[in-house]
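So the sequence shown is residues 643 to 876, counted in my numbering.
We treat Cβ as the ideally placed atom computed from N, Cα and C, and that holds for glycine.
As the structure is a prediction and not an experimental result, all values here were calculated from the model.
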Amino acid sequence: MRLDKFISKATELSRKESKKIMHAGEITVNDQVVKDPGLHVDVVNDDVMWAGEPLSVAAGNRYILLYKPEGFECTLKVKEYPIVTELIAVPELGSLRIAGRLDVDTTGALLMSDDGGWLHRVTSPKHEHAKVYELTLADAMDSDTQEKAVKKVSEGILLEGDYEPTKPAVLEFIDEKHARLTLEQGKYHQVKRMMGYFGNRVTELHRASIGHINLEGLEKGDSRFLTPEEVAKF
Ligand code: URA
643 MRLDKFISKA TELSRKESKK IMHAGEITVN DQVVKDPGLH VDVVNDDVMW AGEPLSVAAG
703 NRYILLYKPE GFECTLKVKE YPIVTELIAV PELGSLRIAG RLDVDTTGAL LMSDDGGWLH
763 RVTSPKHEHA KVYELTLADA MDSDTQEKAV KKVSEGILLE GDYEPTKPAV LEFIDEKHAR
823 LTLEQGKYHQ VKRMMGYFGN RVTELHRASI GHINLEGLEK GDSRFLTPEE VAKF
């Protein structure tokens, strides 16, 4: 946030009045007198003082989209693999939570936030946000088997160890080994287990989108903040 905006928010002075106190040398950022109103301040980590008194503004919630590469784990604790938050350059990573984890070998759209209610809205099957997965299968499926699989997926599958079948979902084959699966829920290893039900194995898995959010404009490993409109649409 620009320094003049930060001061104005923290003190309720106008931007013009904020600039005046800056020019008078009354503002320090990390113990240095700063007179540049356009200086960018990190609202969480920078120490801004007015005549020796600390100023602060509420940081607000963060809503982040990451294009997860393979080889990263969706956990916030250090585990066997590098973790996804290592790819994101924002302060206070510890307060972020993940909406719908991806396996270490899965790539694609991953949403993170520190807004618990919003995370719940994104992941809860009640809200019916479609997640689109692109998958590669180990074994080719002929058109007869494909047709049966599409039908079964649209009806729901009782996966091993579950009490309820999966919600009706849409399976579309691109060719004998490639398909797109659209789910409105996120059970543990759901895509891989669903394909396992047909005696097959997923060798590559990519989440192309979550609701209205896709990866357009991002390279693997890139992240960006969601816009307020994107956040509100969930
Ligand atoms: N389903 C899976 O099996 N793995 C993922 O990473 C996501 C969905």
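Using three-state DSSP, classify residue i as helix, strand or coil.
{"i": "M664", "result": "helix"}
{"i": "Q827", "result": "coil"}
{"i": "S766", "result": "coil"}
{"i": "V833", "result": "helix"}
{"i": "R945", "result": "Outside the shown range of the chain, which is 643 to 876, sits residue 945, and nothing can be said about it."}
{"i": "A850", "result": "strand"}
{"i": "V844", "result": "strand"}
{"i": "L735", "result": "helix"}
{"i": "S656", "result": "coil"}
{"i": "L753", "result": "strand"}
{"i": "A874", "result": "helix"}
{"i": "A782", "result": "coil"}
{"i": "E789", "result": "helix"}
{"i": "R675", "result": "The amino acid occupying residue 675 in the given sequence is Val; Arg does not appear at that position. Reduced to three states, the DSSP call for V675 is strand."}
{"i": "E715", "result": "strand"}
In whole angstroms, give me the CA-to-CA distance for residue i and residue j.
{"i": "A772", "j": "Q827", "result": "8 Å"}
{"i": "P807", "j": "V844", "result": "20 Å"}
{"i": "K647", "j": "A731", "result": "22 Å"}
{"i": "M911", "j": "R822", "result": "For residue 911 there is no data in the structure shown, the boundaries of the chain being 643 and 876."}
{"i": "D786", "j": "G841", "result": "15 Å"}
{"i": "K793", "j": "T869", "result": "37 Å"}
{"i": "A811", "j": "K768", "result": "14 Å"}
{"i": "A850", "j": "L777", "result": "10 Å"}
{"i": "K829", "j": "H762", "result": "14 Å"}
{"i": "E744", "j": "N856", "result": "Note that residue 744 corresponds to Leu in the displayed sequence, not to Glu. Straight-line Cα distance between these residues: approximately 15 Å."}
{"i": "H665", "j": "K658", "result": "11 Å"}
{"i": "I669", "j": "T765", "result": "44 Å"}
{"i": "A751", "j": "D781", "result": "26 Å"}
Residue i: which of the options sits nearest, CA to CA?
{"i": "H831", "options": "P733, D747 and V683", "result": "D747"}
{"i": "R644", "options": "L857, L779 and D688", "result": "D688"}
{"i": "G667", "options": "W692, E872 and T824", "result": "W692"}
{"i": "D804", "options": "S650, L735, Y839 and K793", "result": "Y839"}
{"i": "S737", "options": "L801, G758 and Y775", "result": "G758"}
{"i": "A874", "options": "S865, H854, D864 and T727", "result": "H854"}
{"i": "N672", "options": "S660, S656, L697 and L857", "result": "L697"}
{"i": "D784", "options": "V812, G798, I816 and L744", "result": "I816"}
{"i": "L801", "options": "K834, T653, R739 and P679", "result": "K834"}
{"i": "K662", "options": "D864, D678 and L761", "result": "D678"}
{"i": "G742", "options": "S650, V774 and E734", "result": "V774"}
{"i": "N703", "options": "G859, D756, I799 and K719", "result": "D756"}
{"i": "G713", "options": "T727, S656, L681 and S796", "result": "T727"}
Would you kindly report the start and end of the unbroken beta strand (DSSP E) that includes residue i?
{"i": "S776", "result": "According to the sequence provided, residue 776 is Glu. The question's Ser does not apply to it. E776 -> beta strand (DSSP E) spans K773 to L779."}
{"i": "P696", "result": "E695 to L697"}
{"i": "T748", "result": "No beta strand (DSSP E) contains T748, which DSSP labels as neither H nor E."}
{"i": "F867", "result": "S865 to F867"}
{"i": "L813", "result": "V812 to F815"}
{"i": "I669", "result": "I669 to V671"}
{"i": "V690", "result": "V690 to W692"}
In terms of residues, what are the limits of the alpha helix (DSSP H) holding residue i?
{"i": "I649", "result": "L645 to T653"}
{"i": "K710", "result": "Segment Y705 to K710 is the beta strand (DSSP E) holding K710; no alpha helix (DSSP H) there."}
Name all residues in chain order for which at least one heavy atom of ligand 1 lies closer than 6 Å to the residue's CB.
L744, D745, T748, H831, Q832, V833, K834 and L847
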